[in-house]
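Enquirer: The structure under discussion is supplied below as structure tokens; questions concerning it will follow.
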Amino acid sequence: MSATLLCFDRDLRLSDRAVFAASEPGSALVPLLILDRRRSERIARNPRRAAYFCAAVAALDAELRLRGSQLLVRRGALDSTIRSVARATGARCVTWSKRYDPAGVREDLRLQAIVEELGLRALPAHEAIALDPERIELDTTEEIGFRSFNAFYRLWRAPGSLRAPIDLGARFTPSVLPSEPLPRPEEFGASPWRDPVGERPARAALDRFVNERLVEYPRAIRTPAVPTSGLGLPLSFGLLSGREVAWSVCKRLEDPFLLAEERAGIERFLRAMARRDFLLLAGTESVPQPEEPLYVRSSMELPTLMEARTGFPLVDAGMRELLATGNMHPTVRAVVASFCCFDLGLDWRTGMESWEGLLAEDEPALAIGNWRSSAGLRIDMHFPRIIDPERQFLRGDPQGRYVRRWLPELALLSDARQIHAWHDRQLALDLFEIERYPRPMLDHRERASAFLARYTAWRAATLPVGGPRSSR
Ligand SMILES: Cc1cc2nc3c(=O)[nH]c(=O)nc-3n(C[C@H](O)[C@H](O)[C@H](O)COP(=O)(O)OP(=O)(O)OC[C@H]3O[C@@H](n4cnc5c(N)ncnc54)[C@H](O)[C@@H]3O)c2cc1C
């Protein structure tokens, strides 16, 4: 019987795997995890990700053992490892999940070259996206979708566009080769992840969300104090597939007793999942990259943001949440990113890198897509959206629940208006030593106007004759 090497990287699960369909019919899979230098260095850069990754790998190994196999772990160079494992198992093919960010795509090409040089067949598969890959081919040839999210969303929601989870069993080889020990958090300078991790806990979380909170998603997304689905973390490590999430959510829409607003809530969530596919697929697009003086690569003001001492309560609360948990409410992410790009005038890459060691989710293509969107630099954007952090605070967190939770200095103030008023008085009179909470580090309106003036000049200099690109 022939064998196929299944290289695990970003999709650490066994259910709903496109790679099973991609692998040679009838062949048995050899589950392989290669920790080469690049991968190990990347994991070690973020202790939270390292802890989550190790827990997810341990859960994957446990699942494989239930199927009479085990994860084969190797620490070493990609080429020599693939060569030796292929030789020892008689494998003729190598399959893996495609990556979407520029560095990941380069890695995939390197892997493909190694595999083909060894005379093996390379079988990469789209695993992360919910959209049927055949629709992508159609889409890219017609050049729609990637330039405009609305066009992409229409395609995504069209009948037959979303693929059902792939219900294919696979045969894994019994553990014929000795494995090196599973990666442990200490190896990367991290502590163990405390909560249960793996495809089973992730699916249980998905079921709970769909049954209990999905219909209220629009309120959650507007309100920093209300958590959103929390599925971003397991999705980013591929413990759940985008297909499975979108499919379970669409199934919920079949309930004839749903109220109109509940349907709207579900559609809103589907739009978020479509945005995920959109940004994953656009991960390698190239757009004009403005340099100084529009954005600067470093600033003496960045540490103040990172220490959550800007004096803008929503921005600081978001940073405290990130520092404490490795997560930040999606709406607050947009506020903090806007502050970073427009108020501090920092290049989006600097902002993204400043979160790199903190954020638990590991989805570089989404980090890139969202930071570029925040800076107004995606191909489908025509103007930056500068968010007023004070106005957003009054609108999204009127009772100050989120801000008071993360900024205990302000816990005695009863709501956002009081915090806001206190803030103004402090500016004028500097009376309130009690709170030890800093004054705003800058004037938002002044910074926003200065940025817009620079931006308008830059656009005028870079736009092709004929005005802005139109989105379809
Ligand atoms: C500046 C900035 C940086 C971000 N960096 C990352 C990142 O590094 N990694 C990452 O996975 N996400 C990133 N996001 C996207 C989004 O904030 C997270 O996916 C979301 O917060 C995850 O939490 P959740 O699962 O509770 O989200 P929910 O609101 O419950 O959304 C459900 C799912 O939809 C998808 N989704 C929702 N919003 C977006 C979006 N804006 N872009 C793409 N997919 C989306 C995600 O898969 C998410 O899990 C970033 C957003 C911003 C504004």
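In this note's numbering, the protein residues as written are 512 to 983.
Beta carbons: idealized from backbone N, C-alpha and C, even for Gly.
Every value quoted in this text rests on a predicted model; they were computed, and no experiment measured them.
Give every residue of the same chain whose Cβ lies closer than 7 Å to the Cβ of A514, excluding the five residues on either side of it in the sequence, and list them in chain order.
Expert: Taken in chain order, the residues that qualify are S538, A539, V541, T600, G601, A602, T684.
Enquirer: How should A567 be labelled, buried or exposed, when 16 other C-beta atoms within 10 angstroms of its C-beta is the threshold for buried?
Expert: Its Cβ being crowded by 16 or more others within 10 Å, A567 is buried.
Enquirer: Tell me which same chain residues have a C-beta within less than 8 Å of the C-beta of I732, skipping the five on either side of it?
Expert: So the list reads T739, R779, A783, P841, T842, once near-sequence residues are dropped.
Enquirer: Which residues neighbour ligand 1 when neighbourhood means a C-beta less than 6 Å away from any of its non-hydrogen atoms? List them by chain order.
Expert: Taken from the N-terminal end onward, the list reads I732, T739, S740, G741, L742, G743, L746, S747, A783, M784, R786, R787, L790, P841, R844, A845, A848, L870, E872, E874, L877, A878, N881, W882, S885.
Enquirer: When burial is assigned at 16 or more other CB atoms within 10 Å of the CB, is T973 buried or exposed?
Expert: Exposed: under 16 other Cβ atoms inside 10 Å.
Enquirer: Enumerated in chain order, which unbroken segments of the alpha helix (DSSP H) with a length of 4 residues or greater are wholly contained in the segment 561-647?
Expert: Taking only runs of at least 4 residues, the alpha helix (DSSP H) segments lying wholly in the segment 561-647 are 589-600, 613-628.
Enquirer: Excluding the five sequence neighbours on either side, which residues of its own chain have a C-beta within less than 7 Å of the C-beta of P926, listed in chain order?
Expert: Correcting the residue identity first, residue 926 is Asp in this sequence and not Pro. Here the set comprises P909, Q910, G911.
Enquirer: In chain order, what are the residue ranges of uninterrupted alpha helix (DSSP H) at least 4 long that sit wholly in the segment 861-915?
Expert: The qualifying runs are 875-885, 900-907.
Enquirer: Could you check how far apart the C-beta atoms of Y806 and C761 are, in whole angstroms? I think they sit under 8 Å.
Expert: Not quite, the Cβ-Cβ distance comes to about 40 Å (not below 8 Å), so this is no contact.
Enquirer: Quick one: what's got a C-beta closer than 7 Å to P808's C-beta in the same chain, skipping five residues either side?
Expert: Reading off the sequence, residue 808 comes out as Arg, not Pro. These residues qualify, in order along the chain: D858, T861.
Enquirer: DSSP three-state call for A539: helix, strand or coil?
Expert: It is a strand residue.
Enquirer: Within the continuous alpha helix (DSSP H) that includes C761, where are the two ends?
Expert: Where C761 is concerned, the enclosing alpha helix (DSSP H) stretches over 753-763.
Enquirer: With 16 as the cutoff for other CB atoms within 10 Å, does F768 come out buried or exposed?
Expert: Result: exposed.
Enquirer: Just to confirm, are L751 and A713 a CB contact at a threshold of 8 Å?
Expert: Yes, the Cβ-Cβ distance between L751 and A713 is below 8 Å.
Enquirer: Measuring CB atoms only, is the segment 694-708 touching the segment 548-562, in the sense that at least three cross pairs come out at less than 8 Å?
Expert: Touching, per the Cβ criterion.
Enquirer: Does the segment 658-674 come within contact of the segment 519-528, defined as at least 3 CB pairs closer than 8 Å?
Expert: Flag = no, the segment 658-674 and the segment 519-528 do not touch.
Enquirer: Looking at C-beta atoms only, is the number of pairs between the segment 822-829 and the segment 914-921 that lie closer than 8 Å three or more?
Expert: Yes, the segment 822-829 is in contact with the segment 914-921.
Enquirer: Determine contact between the segment 620-635 and the segment 580-594, defined as no fewer than three beta-carbon pairs at a distance below 8 Å.
Expert: Judged by Cβ distances under 8 Å, the segment 620-635 makes contact with the segment 580-594, as three or more pairs qualify.
Enquirer: Look up F780 in the DSSP assignment and say whether it is helix, strand or coil.
Expert: Helix.
Enquirer: Quick check: what's the CA-CA separation for S690 versus R585?
Expert: If you take the alpha carbons of S690 and R585, they lie about 7 Å apart.
Enquirer: Can you grab the Cα-Cα spacing for the pair R674 / L582, in whole Å?
Expert: Taking the straight line joining both Cα atoms gives about 28 Å.
Enquirer: Could you tell me the distance, in whole angstroms, from the CA atom of E773 to the CA atom of V726?
Expert: C-alpha separation (whole angstroms): 5 Å.
Enquirer: Mark H985 as exposed unless 16 or more other C-beta atoms lie within 10 angstroms of its C-beta, in which case mark it buried.
Expert: Not covered by the structure: residue 985. The range shown for the chain is 512 to 983.
Enquirer: If we count the other Cβ atoms within 10 Å of its Cβ and call it buried at 16 or more, is S865 buried or exposed?
Expert: By the neighbour-count rule (16 or more Cβ atoms within 10 Å), S865 is buried.
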